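Letter by letter, the sequence shown follows residues 1 to 201 of this note's numbering. For every residue, glycine included, the Cβ atom is placed at its ideal position computed from N, Cα and C. Values in this document were obtained by computation on a predicted structure and should not be read as measured data.
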Amino acid sequence: MKKLLMLVGFYLALSYQINAQSNASEIREVNEITWYGLDFSNVRLIGAIGFKNPEKIKSYYFDAWNSLIIHESKKYKLDKFFHKESVKHYLGIVSDRNNLPNLDELVIETDYSFDAEKVRQIISAYDSGDKEGIGLAFIVESLNKHSEKAYIWVTFFDIRSKRVLITERLDGKAGGYGFRNYWAGAYYKVMKSAYKSKHIN
1 MKKLLMLVGF YLALSYQINA QSNASEIREV NEITWYGLDF SNVRLIGAIG FKNPEKIKSY
61 YFDAWNSLII HESKKYKLDK FFHKESVKHY LGIVSDRNNL PNLDELVIET DYSFDAEKVR
121 QIISAYDSGD KEGIGLAFIV ESLNKHSEKA YIWVTFFDIR SKRVLITERL DGKAGGYGFR
181 NYWAGAYYKV MKSAYKSKHI N
């Protein structure tokens with residue numbers, strides 16, 4: 001029985017590895033992707049001392065951070081970080097989804113995380129109409145003032161089928177002057193980590 005379980009586990013791991021390699025190849029073969037932005041729909045802000053105005057964070061900063069990445073493209077080089085000739089932008093879905101967090105549950109003091117299955121559920125709710133190709137979204141899990149890090153699921157998906165191709169949880173150290181730039185620094189670090197990730201690139 002033990003040998004059977006080990007054999008099943010081996011084949012499952014092998015199947016996962018083959019599937020991951022196939023998905024990675026699918027992403028590498030395209031020259032253009034669509035950037036869907038920072039999805040804060042399931043985020044938690046950990047450490048009340050660092051998030052004294054959650055209403056403003058939700059109503060202003062979620063959009064401000066997404067706009068920053070688009071408008072400061074010389075720094076946030078999505079094409080370079082993800083090895084693409086061009087990157088289109090489509091922020092409509094995350095703009096709507098970023099209204100979802102409940103203010104009463106947004107700021108917490110406890111640990112918080114979710115898994116890849118949750119990421120798949122989030123992507124399955126994306127309605128992109130008749131768009132096609134490969135999408136890239138940063139599903140933000142948490143901004144943690146205690147560790148001074150952002151934890152983000154970097155997620156590639158097939159736009160038409162909503163099938164998640166690759167998702168990897170990465171973290172980035174916050175840093176910068178002012179609240180906006182402080183956490184924007186973390187998003188930039190996540191992009192740099194993604195650039196070096198063998199799993200993603």
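- Annotation for Leu91: Gly37, Asn66 place their beta carbon closer than 6 Å to its own, counting only its chain and skipping 5 residues before and after.
- Secondary structure of Asn102 (DSSP, three-state): coil.
- For Ala194, the uninterrupted alpha helix (DSSP H) run begins and ends at 178-196, by DSSP.
- For Phe82, the three-state secondary structure derived from DSSP is coil.
- In this chain, Asp130 is not harboured by any beta strand (DSSP E), its DSSP state being neither H nor E.
- Annotated as distal: Ala137 and Tyr187, with beta-carbon spacing of 9 Å or more.
- One Cα belongs to Asn42, the other to Arg169, and the distance between them is close to 14 Å.
- A straight line joining the alpha-carbon of Glu132 with that of Val119 spans about 20 Å.
- C-alpha of Pro101 to C-alpha of Lys58: approximately 8 Å in a straight line.
- In this chain, the beta strand (DSSP E) harbouring Leu45 covers 44-46.
- In this structure, the straight-line span from the alpha carbon of Phe82 to that of Lys192 is close to 9 Å.
- Going by DSSP, Leu38 is part of the beta strand (DSSP E) stretching over 32-39.
- In terms of Cβ geometry, Glu109 and Ala48 form a close pair [threshold 9 Å].
- Per DSSP, the continuous alpha helix (DSSP H) segment holding Leu68 begins and ends at 62-71.
- Judged by DSSP in its simplified three-state form, Gly135 adopts strand.
- Around the CB of Glu141, 16 or more other CB atoms lie within 10 Å, so the residue is classed as buried.
- Taking the Cα of Ile27 as reference, the smallest distance to any Cα among Leu106, Glu85, Phe62 is reached at Glu85.
- The bridge partners DSSP lists for Glu26 come to none.
- In this structure, DSSP gives Ile152 an extended state, which the three-state scheme calls strand.
- Rounded to the nearest whole angstrom, the C-alpha separation of Leu45 and Glu32 is 33 Å.
- For Lys173, the uninterrupted beta strand (DSSP E) run begins and ends at 164-173, by DSSP.
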